[in-house]
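Take a look at the structure set out below.
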Amino acid sequence: MKTRGTKAIAVLVWLVLTAAPLGGLYAAGMYVRDWITITIRSEPDDNAKIISVAKSNDYLEVLKESGEWTRVRAADGKEGWVMNRYLTKQTPKTLMADQLKDKINALTEQVKKLTEENRKLQKENKSLSSSEEIQALRHEYERLQQESGEYAQLKKRNEELEERFSKESSRIEHLTLENNRMKTSERLIFTLIGGGFIGIGLVIGVALQTFRGRPKKAGYKF
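Taking this note's numbering, the leading residue of the sequence shown gets 169, the next gets one more, and so forth.
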């Protein structure tokens, strides 16, 4: 039980510490800006033939830049021209929000597995194992997503959530070690008590044997 619980804690801590930060990511190509749908044309001209369309968060591979236009390759393999003002090298905020949601969901699944591994400590770990705690984290994320118009604030709250998960993991590890220590102490006490009874039995046995082996004193005869 101890080994499985320790492995589960290690997986959770590894996920938090090694998760790639969302801020400042730049792709090799470019993304379509938020909340728009753009056309991909055969030539760098507003009147050129439309050969495809791209939506917000779509990744476009940059092939060539020419003035206000950029030649790109879409995910379906089609190549054409789009205006530069519709493109950005920075990962769109809506895409980052989706990535953040996936990350929190992954952490939530790790918490569920960890709770199962430590079911014998449910009383001590009630604040983490209860569904109310997980639901509170979900509400916190939803509130953050609604109130945060800027990515910097969203990232800050995400770091706070990660810190809470890390602290809870440390707390569970401590409780697990304490529980094992208490079990060891109980076994030692029972061993000492058992040994004491055995020792008392031996002393009584020796005393009885000694008493029985003494010769009887001769009485007076008349």
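Beta carbons: idealized from backbone N, C-alpha and C, even for Gly.
Since the model is a prediction, treat every value here as computed from it, not as a measurement.
Where Ala274 falls: helix, strand or coil (DSSP): helix
Whole-angstrom distance between Ala304 and Ile357, CA atom to CA atom: 42 angstroms
Whole-Å CB distance - Thr207 paired with Ile218, under 8 angstroms assumed: 5 angstroms
Arg253 vs Glu247 beta-carbon contact at 8 angstroms: no
The alpha helix (DSSP H) enclosing Glu233, as first and last residue numbers: From DSSP, Glu233 is part of no alpha helix (DSSP H) but of the beta strand (DSSP E) over Tyr227 to Ser234.
Three or more C-beta pairs below 8 angstroms linking the stretch 270–282 and the stretch 329–344: yes
Ala398, DSSP secondary structure in three states: Past the edges of the chain, shown from 169 to 390, lies residue 398, and the structure says nothing about it.
Supposed contact pair Leu231 and Val200 - C-beta distance, whole angstroms, cut 8 angstroms: Wrong, their Cβ atoms sit about 16 angstroms apart, outside the cutoff.
Neighbourhood of Asp226 by C-beta, 6 angstroms cutoff - its chain only, sequence neighbours within 5 removed: Val200
Beta-carbon gap between Pro260 and Ser224 smaller than 8 angstroms: yes
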